[in-house]
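Protein sequences, first through last, are from chains A and B. All the letters of the first sequence, read from the start, carry residue numbers 77 to 189 under my numbering. All the letters of the second sequence, read from the start, carry residue numbers 70 to 351 under my numbering. Have a look at the structure below, then the notes.
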Amino acid sequence: MKSARTDDELAVRQLSLVTALVAGGAPPAGVDPERVRIQTQALIRKRSRSVARHRPELAASLGADFGPAFQRYAAAEPTPPANTSSDAKRFARYTRKSRRSLLTRLFLPSSST
Amino acid sequence: MTGRPDGLPRDPDGTNAPRGLGMGIGWRPEIDLTVPRLPGIEWVEVVAENVAPDAVPASLAALHQRGLPVIPHGVSLSLGGTEPLDGKRLARLAGLAERFGSPLVSEHVAFCRAGGMEAGHLLPVPRTRAALGVLTENIRAAQAALPVPLAVENIAALISWPEDELTEAQFLTELVERTGVLLLLDVANLHTAQVNFGLDPIAALDALPLDRVGYVHVAGGILRDGIWHDTHAHPVSQQILGILAALAERTPLPGVMLERDDAYPSDAELAAEIAAIREVIR
């Protein structure tokens, strides 16, 4: 029979892994941190492929920068939204904002921080 | 559980194994026009999260109309999670099984969320007695809510837990014994476990209750820095076909399907890959 205590321990361990993967938490004790890093990267790649399939025109407009741009977005907003469509929307907003801030830096150097 | 579950294709020689699906493929919107043209496809699996029972895409409805069995495959039920199952996800699986008259539905031995956060990925549960308890409870709840038998799949993992007490084969066997659940055996994921954790796939085949296999997944992946990534976006490797061959030597296979989710090749390449799998299981 399972006990409430062992279920709690399991819940804590699972939360610790999910936090490490999508919310910048430390890897769970005893789990290879390098593997956690690889899993995080795999998750980001999977998200980026889904977003590219969902919004091919967005991926095309970014061309070769799509992958790196998605990496920057995922680093800034590591917690994936509930579905690909929200992920794509948030990524599109992120790229618009980055483009604006890049233009601001280029053309208004004194006002940038 | 001793008898075979109802609703599965009957085996003419009366053994316990659910048989008869034959060769299938994962139906995806991106290849919806390719699937009907592929020679020798006898059934399809659909990702439950991507198809609503009351809004089935016309191309899929047409395949079903032609008599191809459609098997709903859930990816987000989180059977290994400590939180209660989401009734809506469960109802979706049940609704699809009703819509298509499916012989069975499938999910994973995994968790994919915790504390209200979505991992966006199938994650391995620690193979402990506590996790067995949680999975047993969730699988029973799912079985009670589903109109057809449930099969659960071994996942492709990149990480493992230091508290693991059982091998994957022991863990799956225990789940089968406790709940009567069927197995969706993914031979690519056995290969993944071999590369990433040094687990012998043949030893796993010899330890698993192969008469409880509902169907089999085959998929391609890629080796990156010594780690196997089960991408479903690369061709199926010879090693994975080798595990499939070893499985086919041990048991009559109820149904085998190719999963391809991305970087879709030409129709001809996909057909060749199907033919290569068929050759192995013949």
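Note that the Cβ used here is the ideal one computed from N, Cα and C, for glycine as well. Model, not experiment: these values are computed from the prediction.
query: Tell me which residues share the same chain as residue 168 of chain B and place their Cβ nearer than 7 Å to its Cβ, disregarding the 5 neighbours each side in the sequence.; result: 122, 125
query: Alpha helix (DSSP H) containing residue 296 of chain B: first to last residue?; result: From DSSP, residue 296 of chain B is part of no alpha helix (DSSP H) but of the beta strand (DSSP E) over 296-298.
query: If you pair each beta-carbon of the stretch 280-294 of chain B with each one of the stretch 128-141 of chain A, do three or more pairs fall below 8 Å?; result: no
query: For residue 328 of chain B, name the three-state secondary structure that DSSP assigns.; result: strand
query: Is it buried or exposed, residue 255 of chain B, if we count other Cβ atoms within 10 angstroms and call 16 or more buried?; result: buried
query: Would you please verify whether the beta carbon of residue 188 of chain B is less than 9 Å from any beta carbon of chain A?; result: yes
query: So for residue 182 of chain B, helix, strand or coil by DSSP?; result: strand
query: DSSP puts residue 96 of chain B in a beta bridge; with which residues?; result: Residue 96 of chain B is not bridged to any residue.
query: Secondary structure at residue 160 of chain B, three-state DSSP: helix, strand or coil?; result: helix
query: Taking the straight line between their C-alpha atoms, what separation do you get for residue 202 of chain B and residue 311 of chain B?; result: 34 Å
query: Can you list the residues of chain B that residue 139 of chain A reaches, using a CB-CB cut of under 7 Å?; result: The premise fails here: residue 139 of chain A is roughly 18 Å from chain B at the closest Cβ pair, so nothing lies under 7 Å.
query: Flag residue 96 of chain B as yes if its beta-carbon sits less than 9 Å from any beta-carbon of chain A, otherwise no.; result: no
query: Can you name, in chain order, every residue of its own chain whose Cβ lies under 8 Å from the Cβ of residue 320 of chain B, other than the five neighbours on each side?; result: 86, 279, 280, 282
query: For residue 283 of chain B, does the three-state DSSP call read helix, strand or coil?; result: strand
query: Measuring only the C-alpha atoms, how far is residue 100 of chain B from residue 183 of chain A?; result: 46 Å
query: Three-state secondary structure (DSSP) at residue 141 of chain B?; result: strand
query: List the residues of chain A whose Cβ lies closer than 7 Å to the Cβ of residue 151 of chain B, in chain order.; result: 83, 86, 87, 90
query: Closer than 6 Å by C-beta to residue 332 of chain B: which residues in its own chain qualify, once you throw out the five before and the five after it? Chain order, please.; result: 302
query: Since residue 288 of chain B sits in a beta bridge, which residues does DSSP pair it with?; result: B/328
query: Our contact map puts residue 330 of chain B next to residue 97 of chain B with C-beta atoms below 8 Å; I'd like the distance itself, whole angstroms only.; result: 6 Å
query: Output yes if chain A places a C-beta closer than 9 Å to the C-beta of residue 197 of chain B; else output no.; result: yes
query: Can you list, in chain order, the residues of its chain with a C-beta nearer than 6 Å to that of residue 112 of chain B? Leave out the 5 residues immediately preceding and following it.; result: 90, 93, 137, 138
query: If you draw a straight line from the C-alpha of residue 105 of chain B to the C-alpha of residue 227 of chain B, how long is it?; result: 34 Å
query: Could you tell me the distance, in whole angstroms, from the CA atom of residue 274 of chain B to the CA atom of residue 238 of chain B?; result: 8 Å
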